[in-house]
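Visitor: Dropping a structure here in C-alpha cells format, bear with me for questions.
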Amino acid sequence: MKQLQKVASRRFGQYNVVRRLGEGGMAVVYLAEAVDERGNMIPVALKFMKPRVDAPGVDASDLFAVEGDVMGLLRHPSLVNLYEVGKLGETMYFAMEYCPGGDLEALISALRWQDKPFPPSVALQIGIDLLKALAYVHQAQGVRGTSLGLVHGDINPANIFVSLDESRPKLGDFGVVTSSVLGTGLPEGAAAGKLHYLSPEQAQGKPLTAQSDLFALGVVMFELLLGRKPFDGPDAETIIERICAGRYDLPSHVSDPLASVFEKALARNPRSRFPSAGAFAGDLLRYQLETGLQESPRALRDLAEEALQILA
Numbered sequence: 018m019k020q021l022q023k024v025a026s027r028r029f030g031q032y033n034v035v036r037r038l039g040e041g042g043m044a045v046v047y048l049a050e051a052v053d054e055r056g057n058m059i060p061v062a063l064k065f066m067k068p069r070v071d072a073p074g075v076d077a078s079d080l081f082a083v084e085g086d087v088m089g090l091l092r093h094p095s096l097v098n099l100y101e102v103g104k105l106g107e108t109m110y111f112a113m114e115y116c117p118g119g120d121l122e123a124l125i126s127a128l129r130w131q132d133k134p135f136p137p138s139v140a141l142q143i144g145i146d147l148l149k150a151l152a153y154v155h156q157a158q159g160v161r162g163t164s165l166g167l168v169h170g171d172i173n174p175a176n177i178f179v180s181l182d183e184s185r186p187k188l189g190d191f192g193v194v195t196s197s198v199l200g201t202g203l204p205e206g207a208a209a210g211k212l213h214y215l216s217p218e219q220a221q222g223k224p225l226t227a228q229s230d231l232f233a234l235g236v237v238m239f240e241l242l243l244g245r246k247p248f249d250g251p252d253a254e255t256i257i258e259r260i261c262a263g264r265y266d267l268p269s270h271v272s273d274p275l276a277s278v279f280e281k282a283l284a285r286n287p288r289s290r291f292p293s294a295g296a297f298a299g300d301l302l303r304y305q306l307e308t309g310l311q312e313s314p315r316a317l318r319d320l321a322e323e324a325l326q327i328l329a
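The opening position of the sequence shown corresponds to residue 18 in the working numbering, with each subsequent residue numbered one higher.
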C-alpha cells in the first residue's frame with residue numbers, strides 16, 4: 018500500500034492526484050485532474066490495482082487487464098467511460114470518467130438518514146436506463162463481429178454512479194467481468210460480488226449468465242422501490258440460504274404488475290427470469306406508463322445534489 022500512498026501524494030504521469038475516492042478488494046480509486054486538448058482542467062477517476070490482493074487462486078493482474086480491455090470496447094450513455102489504460106513503472110492504472118454525483122449506495126444512505134423513501138419515479142428511470150446499458154453489454158461484439166458473451170458480475174448500488182451533467186445513472190467497475198467467448202473471469206468455484214446482490218448461481222460458485230446480472234439488478238430495484246433488501250438475515254449463511262431458496266416477502270400493498278416484475282427478476286432458476294435486459298426494461302417501462310410514475314430529466318441530478326449536501 019506504500020506505493021499507492023506515494024501515488025496519492027504526487028503527480029502521476031499527466032495526472033494530478035487530488036484525493037482518494039474509495040477502495041475495493043482489488044483496487045483503489047482516486048480523484049485526479051488532467052488537462053484536455055483545449056487546455057481545460059478536467060476531473061478523472063484514477064483506478065490503481067493494489068500491489069497485494071487477498072484472493073487465493075485469482076490472478077488479480079489478469080482481471081485488471083481484462084477489465085481495461087472490456088471497458089475500452091464499450092461506449093454507452095449509462096456506462097462509465099474509460100479514457101486510458103496505462104502502466105507507470107510497476108503500477109497499472111485506468112483513467113475513467115468521474116461522476117461527481119457519487120454512487121447509488123450513498124444516495125440510498127442519505128435518504129434513509131432523512132427517513133425518506135427513494136422516489137419511485139426516479140427509481141424506475143434508473144432501472145430502465147441501467148437495463149438499456151446491460152442490454153448493450155450483453156450484446157457487445159468483438160472486432161470480428163462475434164458476441165463476447167459479457168456478464169458484469171458485480172451489480173450493486175456501490176457500482177452505480179450518478180452523472181450530474183447528464184442526470185443519469187452509470188454502471189461502472191467491471192473488475193470481475195466474465196466472457197463466455199474469451200474465457201475470462203474468476204476460476205470455477207470462486208464467488209465474487211456483494212453478498213446481498215448475489216444470484217443463487219453466483220452464491221454457489223457456478224457459471225454466470227446475463228440472467229445473473231438481471232437478478233442483481235432486480236435486487237437493486239426491490240431495494241429502491243420497497244426500501245429494503247429482498248434477501249437479508251443476521252449472518253451471511255442465512256442470507257445465502259434465502260437467496261438460493263428464492264425466499265423473499267412482498268408487502269401487501271405491492272401491485273400485481275410490480276409483483277410480477279420481481280417474480281421474474283428474482284426467480285431462483287435463471288431460465289425462469291427475464292430472457293433479456295430488454296424484456297426487463299420493457300416491463301418496467303410498461304409499469305411506468307401505467308402508473309404515471311414518470312419524472313423530469315433533472316430529477317436524479319436534483320436528488321443527488323441534495324444528498325451531497327447532507328453527506329458533506
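Where a beta carbon is used, it is the ideal one built from N, C-alpha and C, also for glycine.
Just so we're clear, the structure is a prediction, and the values are computed from it rather than from any experiment.
(1) Under a Cβ-count criterion, where at least 16 other Cβ atoms within 10 Å of its own Cβ denotes burial, should Glu107 be classed as buried or exposed?
(2) Grab me the residues of Ile327's own chain with a C-beta within less than 8 angstroms of its C-beta, minus the 5 sequence neighbours each way, in chain order.
(3) With DSSP run on the structure shown, which of helix, strand or coil describes Val83?
(4) Output needed for Asp319: all residues of its chain with C-beta closer than 7 angstroms, excluding positions within five of it in sequence on either side, in chain order.
(5) Hey, how far is the Cα of Leu302 from the Cα of Met43?
(6) Going by the beta-carbon positions, is the gap between Leu283 and Pro247 smaller than 8 angstroms?
(7) Under the three-state reduction of DSSP, which class applies to Leu328: helix, strand or coil?
(8) Would you mind sorting Leu80 into buried or exposed? The rule is 16 or more other CB atoms within 10 Å of its CB.
(9) Leaving aside the five residues before and after Met18 along the sequence, list all residues of the same chain whose C-beta is less than 6 angstroms from its C-beta, in chain order.
(10) Which residues in the same chain as Val139 place their Cβ atom closer than 7 angstroms to its Cβ, once the five residues preceding and following it in sequence are excluded?
(11) Lys67 lies in the beta strand (DSSP E); which residues open and close that run?
(12) Of the choices Met66, Ala296, Pro224, whose alpha-carbon is the least far from that of Val46?
(13) Rounding to the nearest angstrom, what Cα-Cα distance links His93 and Val236 in this structure?
(14) Taking the C-alpha atoms as reference points, what is the distance between Phe135 and Ala276?
(15) Taking the straight line between their C-alpha atoms, what separation do you get for Asp190 and Asp171?
(16) Determine which residues share a DSSP beta bridge with Gly103 and list them.
(17) From the DSSP output, in three-state form, read off Asn176 for me.
(18) Does the separation of the CB atoms of Ala112 and Leu63 fall below 8 angstroms?
(19) Is Arg37 helix, strand or coil when you go by DSSP?
(20) Considering only DSSP beta bridges, list what Tyr47 is partnered with.
(21) Identify, in the order they occur along the chain, each residue of the same chain with its Cβ nearer than 7 angstroms to the Cβ of Arg185, setting aside the five sequence neighbours on each side.
(22) Measuring alpha carbon to alpha carbon, tell me which of Glu218, Ser196, Leu241, Pro137 ends up nearest Val154.
(23) Count the other CB atoms, across all protein chains shown, that sit within 10 Å of the CB of Leu306; report buried if there are 16 or more and exposed otherwise.
Guide: This is what the structure gives:
(1) exposed
(2) Ala127, Trp130, Gln131
(3) helix
(4) none
(5) 36 angstroms
(6) yes
(7) helix
(8) buried
(9) Confidence at Met18 is low in this model, with a pLDDT of 47, below 50, so its placement is unreliable and the value that follows should be read with caution. Closer than 6 angstroms at the Cβ level, and outside the excluded window around Met18, lies no residue.
(10) Glu312, Ala316, Leu317, Leu320
(11) Counting along the chain, Lys67 falls outside any beta strand (DSSP E), and DSSP gives it neither H nor E.
(12) Met66
(13) 23 angstroms
(14) 18 angstroms
(15) 8 angstroms
(16) Tyr110
(17) helix
(18) yes
(19) strand
(20) Arg37, Leu63
(21) Pro94, Ser95, Asp146, Leu317
(22) Ser196
(23) exposed
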